[in-house]
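Participant:
In the numbering used here, the protein residues as written are 2 to 290.
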């Protein structure tokens, strides 16, 4: 279906059968409640929601004859959903893990205990954390598309993340070494952001707008910031004495600051402000649009 000739009756038949099976499998997961992190639900149910939404997009793009998007969504659904679901089935304590790797060993038991502790931490998180995570992932994924926007919209998200990261760093009452690590993280993130776009000229449009190419850096940075903040809260709850050590507190402050500075510097470069820019900026007037 993925590599054979497209548009044939066999391709359409295989596609319809595959989509039907994926939808039925995703729906059947809502009757499984062995792992309960949020009420009766677990991360596998979140994956099922993504599968159902992706399956709808597969059908919609095919009916609209948008075959480029259709192919991209099908590949993402195939490799993402099957890969992630396969990883879940091979985790220690699952039946497929024992089938493939044999009975659980001491290392597997330790891994299972760590997974259980991680599950308890995730289950103890506020309910609003998970919708926030989904929204952040959707926001990061949306930035993978080429788009045109006002400069203020381009700078809005990096400014919010930078402000929150600075506020969290200040509220954590860092020591002298922690402040030095935080400032170094900001400097390193800024330089890394400008350096990553040193060969990409800003595409400035009329009416204070820019054209931005799709990229995955924002998605990665957003997820790293979320994970760092979540880990900081988890450590503060389970091991408060560890969270107060200078090294750990500096680490949890520096990582979000680095990512926020990276995103801010890249946004400034896309808006035409990049001291490391080696190429001239391009201006596209209204006549060229």
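Note that CB positions come from ideal geometry on N, CA and C, so glycine has one too.
Please state whether DSSP places residue 216 in a helix, a strand or coil.
Facilitator: Residue state, collapsed to three classes: coil.
Participant: Since residue 149 sits in a beta bridge, which residues does DSSP pair it with?
Facilitator: Answer is 212.
Participant: Closer than 8 Å by C-beta to residue 6: which residues in its own chain qualify, once you throw out the five before and the five after it? Chain order, please.
Facilitator: Around residue 6: 12.
Participant: Assess contact between the region 194 to 214 and the region 258 to 277, defined as three or more Cβ pairs (one per stretch) separated by less than 8 Å. Is contact present?
Facilitator: Short answer: they touch.
Participant: Could you check the C-alpha separation between residue 219 and residue 47 for me, to the nearest Å?
Facilitator: Using only the alpha carbons, I get a separation of about 22 Å.
Participant: Considering only C-alpha positions, which residue in the set 133, 182 and 215 is nearest to residue 150?
Facilitator: Comparing Cα-Cα distances from residue 150 to each of 133, 182 and 215, the minimum goes to 215.
Participant: Kindly provide the ranges of any beta strand (DSSP E) runs that are 3 or more residues long and lie completely inside the region 161 to 240, ordered along the chain.
Facilitator: 210 to 213, all fully within the region 161 to 240.
Participant: For the candidate residues 180, 249, 76 and 190, whose alpha-carbon lies nearest to that of residue 269?
Facilitator: Nearest C-alpha to residue 269: 190.
Participant: Pick helix, strand or coil for residue 277, following the three-state DSSP scheme.
Facilitator: Looking at residue 277 - three-state DSSP - the assignment turns out to be coil, as it is neither helix nor strand.
Participant: Measure the C-alpha to C-alpha separation of residue 163 and residue 24 and round it to an integer number of angstroms.
Facilitator: Between residue 163 and residue 24, the C-alpha separation is close to 40 Å.
Participant: Suppose contacts are defined by Cβ-Cβ distances below 9 Å. Is residue 261 in contact with residue 167 by that definition?
Facilitator: Cβ atoms of residue 261 and residue 167: closer than 9 Å.
Participant: Taking the Cβ atom as the reference point for each residue, do residue 27 and residue 52 lie within a distance shorter than 9 Å?
Facilitator: Taking 9 Å as the Cβ cut-off, residue 27 and residue 52 qualify as a contacting pair.
Participant: Are residue 187 and residue 229 close, meaning C-beta to C-beta below 9 Å?
Facilitator: No. Outside cutoff.
Participant: Confirm, please, whether the CB-CB distance from residue 133 to residue 227 is below 9 Å.
Facilitator: It is a contact, given that the beta carbons lie within the stated cut-off.
Participant: According to DSSP, simplified to helix, strand and coil, what is residue 10?
Facilitator: Residue state, collapsed to three classes: helix.
Participant: So is residue 267 buried or exposed if we call it buried at 16+ other beta carbons inside 10 Å?
Facilitator: It is buried - the Cβ of residue 267 has at least 16 other Cβ atoms within 10 Å.
Participant: Quick one: is residue 74 buried, meaning 16 or more other Cβ sit within 10 Å of its Cβ, or exposed?
Facilitator: Classification of residue 74: buried, given that the 10 Å Cβ count is 16 or more.
Participant: If I'm right that residue 258 touches residue 193 with Cβ under 8 Å, what's the distance once you round it to whole angstroms?
Facilitator: The pair is not a contact, with the Cβ atoms about 12 Å apart (cut-off 8 Å).
Participant: So for residue 64, helix, strand or coil by DSSP?
Facilitator: Residue 64: helix per DSSP, three-state reduction.
Participant: Below 8 Å on the Cβ atoms is my contact criterion, and I expect residue 213 with residue 148 to pass it. Report the Cβ-Cβ distance as a whole number of Å.
Facilitator: The Cβ separation is near 6 Å, so the contact holds.
Participant: Mind reading off the beta-carbon distance from residue 251 to residue 178? Whole number of angstroms is fine, and I expect it under 8 Å.
Facilitator: Correct: roughly 6 Å between the Cβ atoms.
Participant: Since residue 78 is in the alpha helix (DSSP H), which residue starts that stretch and which ends it?
Facilitator: Neither: residue 78 is in no alpha helix (DSSP H) and is coded neither H nor E.
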